[in-house]
Amino acid sequence: LVIPCDEDFIEFNPEINSDYDSLFWYGPGSFKSDFPTPFISVTGIYILEVTGTNGCVSLDTTVVASPPEIPEITVIIDTIDCDTGIGSITLNYLGNLSFDWEDESGNMYIGNTVSSADPGNYQLTVTDNDFNCTSELIIELPLDTLKPQYLIIPTDTLTCISPETQLSIQQLTSLEQIH
């Protein structure tokens, strides 16, 4: 049994036939109860002891656990650039998760992918729908629309005697950006 994130406790509800003389629950931290369906808020191993009307004792155990961590999510970011003007954040994951986003302007998005022309921080709320657990983080959608900076420099001065010159490029930014 798992205590959901949005609850402080769970209720044990075992199937017990009505022919018993006594019933006791034992658990962590000196927990003891004779209530058939106790409310449990502490994780650990719980033992149910049922004594039948014939005097025979039956024992059973159950484990109460905290919910697991939200599964690992891989984030893929496609930067906003001059070619498309739109970027995206895509989440790859396993599990029963849902995603709610909000950008810096208050726009809301739902799903594992956000495509936008607006750079900046996107607040993401991930919900594990199996256990109602949430986790929040901020992911930046970057912008790369800087034009390459360069100078064209003639190696010689043009004159009537020398009507041709060779040009060279002086790189101010990476030449990989120059098409």
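Quick note, the sequence shown lines up with residues 12 to 190 if you use my numbering.
Each residue gets a CB set at the ideal place from its N, CA and C atoms; glycine is no exception.
The structure displayed is predicted, hence computed values, not measured ones.
Between the beta-carbon of residue 86 and the beta-carbon of residue 150, is there less than 8 Å?
-> On the sequence shown, position 75 is the one that residue 86 refers to. On the sequence shown, position 139 is the one that residue 150 refers to. Yes, the Cβ-Cβ distance between residue 86 and residue 150 is below 8 Å.
If you check the beta carbons only, do residue 58 and residue 20 fall under 8 Å apart?
-> By one-based count along the sequence shown, residue 58 stands at place 47. By one-based count along the sequence shown, residue 20 stands at place 9. One thing to note: residue 58 has its Cβ no nearer than 8 Å to the Cβ of residue 20.
Spatial distance of residue 142 from residue 106 (CA atoms) | For the purposes of this step, residue 142 is taken as residue 131 along the sequence shown, with counting starting at 1. For the purposes of this step, residue 106 is taken as residue 95 along the sequence shown, with counting starting at 1. In a straight line, the C-alpha of residue 142 is about 11 Å away from that of residue 106.
Report the three-state DSSP secondary structure of residue 40 (helix, strand or coil).
-> By 1-based counting over the sequence shown, the position of residue 40 is 29. In this structure, residue 40 counts as helix in the three-state DSSP scheme.
Taking just the CA atoms, how far does residue 168 sit from residue 103?
-> To locate residue 103, count along the sequence shown from 1; it is residue 92. To locate residue 168, count along the sequence shown from 1; it is residue 157. Each residue's alpha carbon lies about 58 Å from the other.
To which residues does DSSP link residue 68 through a beta bridge?
-> The count along the sequence shown starts at 1 and reaches residue 68 at position 57. According to DSSP, which records beta bridges pairwise, residue 68 is partnered with 62.
On a CA-only basis, which of 91, 140, 145 is nearest residue 125? Give me that one, please.
-> Within the sequence shown, numbered from 1, the residue matching residue 125 stands at position 114. Comparing Cα-Cα distances from residue 125 to each of 91, 140, 145, the minimum goes to 91.
From residue 129 to residue 98, what does the alpha carbon distance come to, in whole angstroms?
-> Along the sequence shown, read from residue 1 onward, the residue named residue 129 stands at position 118. Along the sequence shown, read from residue 1 onward, the residue named residue 98 stands at position 87. Residue 129 and residue 98: Cα-Cα distance of roughly 8 Å.
With distances taken Cα to Cα, identify the nearest neighbour of residue 38 among 60, 81, 164, 180.
-> The count along the sequence shown starts at 1 and reaches residue 38 at position 27. The candidate whose alpha carbon is nearest that of residue 38 is 60.
Spatial distance of residue 18 from residue 84 (CA atoms) = On the sequence shown, residue 18 is found 7 positions in, with the first residue counted as 1. On the sequence shown, residue 84 is found 73 positions in, with the first residue counted as 1. Looking at the two C-alpha atoms, the distance is approximately 25 Å.
Between the CA atoms of residue 163 and residue 108 - distance to the nearest angstrom = Locating residue 108 in the sequence shown gives position 97, where the first residue counts as 1. Locating residue 163 in the sequence shown gives position 152, where the first residue counts as 1. Cα-Cα distance, rounded: 54 Å.
Buried or exposed for residue 144, please, with buried defined as at least 16 other CB atoms from any protein chain shown within 10 angstroms of its CB.
-> Within the sequence shown, the letter at position 133 stands for residue 144. Within 10 angstroms of the beta-carbon of residue 144 lie 16 or more other beta-carbons, which makes it buried.
Can you tell me which of the three DSSP states residue 110 falls into?
-> Indexing the sequence shown from 1 puts residue 110 at position 99. Reduced to three states, the DSSP call for residue 110 is strand.
Check the DSSP bridge columns for residue 53 and list the partner residues they point to.
-> Residue 53 sits at position 42 when you count from the first residue of the sequence shown. Beta-bridge pairing links residue 53 to no other residue.
Same chain, Cβ closer than 8 Å to residue 53, neighbours up to 5 away in sequence not counted | Numbered from its first residue, the sequence shown carries residue 53 at position 42. These residues qualify, in order along the chain: 38, 39, 40, 42, 75.
Does the beta-carbon of residue 68 have 16 or more other beta-carbons within 10 angstroms, so that it is buried, or is it exposed?
-> To locate residue 68, count along the sequence shown from 1; it is residue 57. Burial state of residue 68 is exposed, judged by a 10 Å Cβ sphere holding fewer than 16 other Cβ atoms.
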